[in-house]
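What follows is one structure encoded as structure tokens, with my remarks underneath.
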Amino acid sequence: MRVLVLGSGGREHALVRSLAQDPDVTALHCAPGNAGTGALADNHVLDPTDPVAVVELAQRLMVQLVVIGPEAPLVAGVGDALRRAGLLCFGPDAAAARIEGSKAFAKEIMSAAGVPTAAARVCESTDGINAALDEFGPPYVVKDDGLAAGKGVVVTEDRGVAERHAAECERVVIEEYLDGPEVSLFALTDGTTVVPLLPAQDFKRAYDDDQGPNTGGMGAYTPLPWAPPGLVDEVVQTIIQPTVDELRRRETPYTGVLYAGLALTSKGVRVIEFNARFGDPETQVVLDRLATPLGSLLQACAVGGLGSAPALEWRPGAAVTVVIAAENYPGKPTVGDPIAGLEEADAVEGAYVLHAGTKLHEGLPVSGGGRVLDVVGTGPDLAAARAAAYTAAERIRLRGAHYRTDIAAKV
1 MRVLVLGSGG REHALVRSLA QDPDVTALHC APGNAGTGAL ADNHVLDPTD
51 PVAVVELAQR LMVQLVVIGP EAPLVAGVGD ALRRAGLLCF GPDAAAARIE
101 GSKAFAKEIM SAAGVPTAAA RVCESTDGIN AALDEFGPPY VVKDDGLAAG
151 KGVVVTEDRG VAERHAAECE RVVIEEYLDG PEVSLFALTD GTTVVPLLPA
201 QDFKRAYDDD QGPNTGGMGA YTPLPWAPPG LVDEVVQTII QPTVDELRRR
251 ETPYTGVLYA GLALTSKGVR VIEFNARFGD PETQVVLDRL ATPLGSLLQA
301 CAVGGLGSAP ALEWRPGAAV TVVIAAENYP GKPTVGDPIA GLEEADAVEG
351 AYVLHAGTKL HEGLPVSGGG RVLDVVGTGP DLAAARAAAY TAAERIRLRG
401 AHYRTDIAAK V
């Protein structure tokens with residue numbers, strides 16, 4: 001099977017790494033990719049949100065499967081264009097991808113499907129915003145209705161901060177605050193059958209002890225020894241399957257991976273948000289534990305054959321990933337700085353480095369985005385995996401870089 005992965009982040013490097021380990025994958029391409037994916041796949045210069053360019057590249061490379069990593073190409077209709085051209089695609093079409101592209105649409109789907117989530121109000125005026133903030137009170141949860149690269153959500157006790165964020169959005173969803181720990185669960189689906197992956201937990205705030213602004217994610221780990229027994233089955237039965245069924249009922253069948261961001265509240269499991277793709281950086285740890293060949297799984301989703309796929313197999317032990325971010329992230333990051341210590345980090349037993357925001361300059365890796373590297377540690381338990389990740393992270397040298405030191409610490 002010849003495969004093309006779209007995207008350039010740590011999630012895409014994790015996907016490429018897993019696909020490269022699948023013996024059925026005979027050719028592997030990534031567009032545009034990064035300095036890390038180029039070691040495992042052929043990188044191609046491309047705007048992944050351009051449906052025409054993506055179709056032309058996939059046809060020229062004669063690939064049998066296109067795997068769409070980020071959300072922007074999905075919302076832009078790249079999946080639709082590939083399917084019209086007769087190409088297999090892992091990822092929903094634009095209509096179904098609205099479950100991430102519009103927070104208001106996601107709430108509508110959840111309401112129709114009876115999925116438990118936070119009460120919310122969709123606002124387009126100052127009066128509406130103020131009324132919703134009054135209704136729900138602090139902590140205020142204010143979400144940009146559209147795509148915002150994981151940074152469109154503000155959770156704050158400060159009314160002024162909430163009002164300013166809401167004013168910056170054309171359309172905003174304001175909702176009640178959900179208490180309790182958060183869990184990320186990915187589920188593969190061919191539009192009918194749902195197959196869950198391992199649950200994970202990520203860390204959104206920029207700094208230790210959940211301080212600082214929201215980011216795209218600063219680290220993650222799996223498994224979750226504290227999660228209640230039966231959690232995954234409950235989420236599939238009450239959240240994922242009803243959502244997939246509702247989308248199919250609306251003649252917008254969902255094919256790909258559905259990400260459910262969950263809060264385990266005092267009143268039960270509630271959906272914080274849906275994403276239409278693999279989450280980043282949770283993908284890095286979940287795929288590390290997956291023993292089942294990834295290519296055949298993604299292909300089964302694309303052809304509607306997930307129901308006959310064998311049960312998933314998982315590697316024992318644990319995985320922890322630590323994100324190394326560029327100076328100023330999550331603000332405008334400093335880019336173009338050389339990265340050193342990669343070989344030393346990879347030499348740590350049980351650890352390896354995935355590239356996220358990197359590129360090559362004169363043949364050497366330099367920073368090219370906000371989240372630069374994902375250092376993955378593995379081991380027989382979370383303590384060992386965490387130790388491996390941080391031992392490797394300490395060997396990376398990048399001017400002005402920062403990373404959280406408390407990923408998975410409380411577990």
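Using the UniProt record's numbering, the first residue of the sequence shown is number 1, and each one after it goes up by one. Where is the CB? At the ideal position from N, CA and C, for every residue including glycine. Here the structure is a predicted model, which is why all the values come from computation and not from measurement.
Just so you know, the alpha carbons of residue 326 and residue 373 end up roughly 9 Å apart. Every beta strand (DSSP E) of 3 residues or more that sits fully in the region 324-355 is shown, in chain order, as 351-355.
Runs of the alpha helix (DSSP H) lying entirely within the region 87-160 and spanning at least 4 residues, in chain order: 94-101, 103-113 and 126-136. By alpha-carbon distance to residue 274, the top candidate from 187, 267 and 309 is 187. The beta carbon of residue 206 is closer than 7 Å to those of 212, 213, 215, 218 and 330 in its chain, skipping five residues each way along the sequence. Residue 242 and residue 114 do touch by the CB rule: their CB atoms are close to 6 Å apart, below 8 Å. Distance from the CA of residue 182 to the CA of residue 261, rounded to the nearest whole angstrom, comes to 7 Å. Assignment of residue 169 by DSSP, reduced to helix, strand and coil, places it in the coil class. Residues 104 and 173 of the same chain have their beta carbon placed closer than 6 Å to that of residue 122, with the five preceding and five following residues left out of the count.
One thing to note: residue 75 has its Cβ no nearer than 8 Å to the Cβ of residue 106.
Inclusion of residue 156 and residue 140 in the CB contact set at 8 Å is warranted, their separation being smaller than that value.
Residue 317 and residue 289 have their C-alpha atoms spaced approximately 8 Å apart. One thing to note: residue 180 has its Cβ no nearer than 8 Å to the Cβ of residue 119.
Residue environment for residue 234: exposed (fewer than 16 other C-beta atoms within 10 angstroms of its C-beta). Residue 280 and residue 132 have their C-alpha atoms spaced approximately 30 Å apart. Comparing alpha carbon positions, the residue from 14, 7, 1 and 4 closest to residue 353 is 14. Approximately 6 Å separates the beta-carbon atoms of residue 285 and residue 221; this is inside 8 Å, confirming the contact.
Bridge partners of residue 207 according to DSSP: 211.
The three-state secondary structure of residue 13, taken from DSSP, is helix. Going by beta carbons, residue 397 and residue 91 fall outside the 8 Å limit.
Three or more Cβ pairs closer than 8 Å define a contact, and the region 333-345 falls short of that threshold against the region 379-389. Between residue 153 and the set 26, 195 and 145, the nearest pair of CA atoms involves 145. The region 354-363 and the region 49-62 do not touch, with fewer than 3 CB-CB distances between them shorter than 8 Å. Per DSSP, residue 286 is one residue of the alpha helix (DSSP H) stretching across 282-289.
In this structure, the alpha-carbon of residue 191 lies about 8 Å from that of residue 256. If you draw a 10 Å sphere on the C-beta of residue 202, you find 16 or more other C-beta atoms in it, and that means buried. Pairing residue 19 with residue 302 gives a Cβ-Cβ distance that is not under 8 Å.
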